[in-house]
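Below is one structure; the comments refer to it alone.
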Amino acid sequence: MIKITNLHKQYGELKVLKGIDLEVPKGEVLSVIGSSGSGKSTLLYCINGLEPIQKGQIIVDDIDVHASDTNLNSVRQNMGMVFQQWNSFPHLTVLENVALAPKIVSKHSKSEALEIAEKQLRHVGLGDKLSQYPSALSGGQQQRLAIARALAMEPKCMLFDEATSALDPELVGEVLDTIRLLADEGMTMICVTHEMGFAREVSDRVAFFHEGKIEEINQAEKLFGSPKSKYLQKFLSKVKT
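For the record, in the sequence shown the residue sitting at position 191 is 654 according to the numbering used here, with numbers rising by one throughout.
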């Protein structure tokens with residue numbers, strides 16, 4: 464479903480991604496781990512077309528994301544992305560926040576958009592918060608609102624950029640539970656995460672990034688249980704798995 468070939472990305476003289484080759488088939492959950500600055504988040508921005516690339520190719524559902532004639536807005540409708548910050552509209556209710564994109568982008572009627580929004584909010588456990596405003600929600604609830612907003616576009620895959628990093632520790636679990644639910648339902652996902660336990664439990668495979676390259680990639684249990692790369696061994700020795 465997602466095929467990346469010889470991907471290179473740099474900012475000026477700084478080379479961030481140095482020849483990434485990666486395939487993520489439909490229904491797979493891939494977690495991406497590694498130290499800060501290793502290129503993990505940049506990978507997601509390139510997949511979603513938020514950042515231009517210098518070399519290589521990214522194919523999502525047979526569409527070349529960075530081809531000159533590609534309609535990026537159309538690509539993004541099928542690719543939900545959840546960032547570290549939830550960025551909801553403070554003047555809209557929870558229900559109105561989620562209904563906005565189906566109404567404006569997908570051209571659903573107001574009643575259809577509200578129905579879609581309510582369905583996805585109940586899906587992520589916010590069915591009792593429909594009429595509240597984002598300021599009344601906890602950080603974890605706001606991040607689940609962001610997930611519902613992405614799901615309302617009925618994406619074929621989801622990209623998570625450290626979705627729990629801005630949360631207090633006691634709120635992390637509820638967001639991870641929502642991502643687990645999507646995994647159980649067969650959603651194709653790439654999750655950049657610092658939560659090693661989550662990556663080990665939920666992922667089909669885990670990719671370890673080191674200095675802009677995929678240093679090691681394997682089934683989750685094998686990667687955590689018997690890491691081969693000395694860099695991965697050093698990384699895992701410093702984090703809780």
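Glycine residues also receive a C-beta, built at the ideal position from the N, C-alpha and C atoms.
A quick note: this is a predicted structure, and the numbers were derived from the prediction, not measured.
inquiry  = Here's the rule: buried if 16 or more other CB atoms are within 10 angstroms of the residue's CB, otherwise exposed. What is residue 472?
reply    = Counting the other CB atoms within 10 Å of its CB gives residue 472 a total of 16 or more, which places it among the buried residues.
Looking only at DSSP bridge pairs, what is residue 490 linked to?
As computed with DSSP, residue 490 is found in no beta bridge at all.
Rounded C-alpha distance that separates residue 690 from residue 565 = Approximately 43 angstroms between the Cα atoms of the pair.
Please look up how many angstroms separate the CB atoms of residue 592 and residue 557, rounded, as I've assumed it's under 8 angstroms.
With a Cβ gap of about 5 angstroms, residue 592 and residue 557 count as contacting.
Cβ neighbour criterion (16 or more within 10 Å) applied to residue 612: Burial check for residue 612: the Cβ neighbour count within 10 Å reaches 16 or more, so the residue is buried.
- Compute the beta-carbon to beta-carbon distance between residue 666 and residue 493, rounded to the nearest angstrom, for a pair I have assumed lies under 8 angstroms. The pair is a contact, with the Cβ atoms about 6 angstroms apart (cut-off 8 angstroms).
Review point. Residues in its own chain within less than 8 angstroms of residue 571 by CB, not counting five upstream and five downstream?
Key: Excluding sequence neighbours, residue 571 sits near 565 and 579.
Query - Any beta strand (DSSP E) of 3 or more consecutive residues that is wholly inside the stretch 562-650 - result: Within the stretch 562-650, the complete beta strand (DSSP E) runs of at least 3 residues fall at 620-624.
If you pair each beta-carbon of the stretch 652-665 with each one of the stretch 582-597, do three or more pairs fall below 8 angstroms? As far as the Cβ criterion goes, the stretch 652-665 does not touch the stretch 582-597, which means the pair count is below three.
| DSSP three-state assignment for residue 533, whether helix, strand or coil | Note: residue 533 maps to coil in three-state DSSP.
Minimum length 4: unbroken alpha helix (DSSP H) runs contained in the stretch 498-523:
Counting whole runs of 4 or more residues, the stretch 498-523 contains the alpha helix (DSSP H) stretches 503-510.
(message) Please tell me whether residue 568 and residue 584 are closer than 8 angstroms, where the distance is taken between their beta carbons.
(response) No. Outside cutoff.
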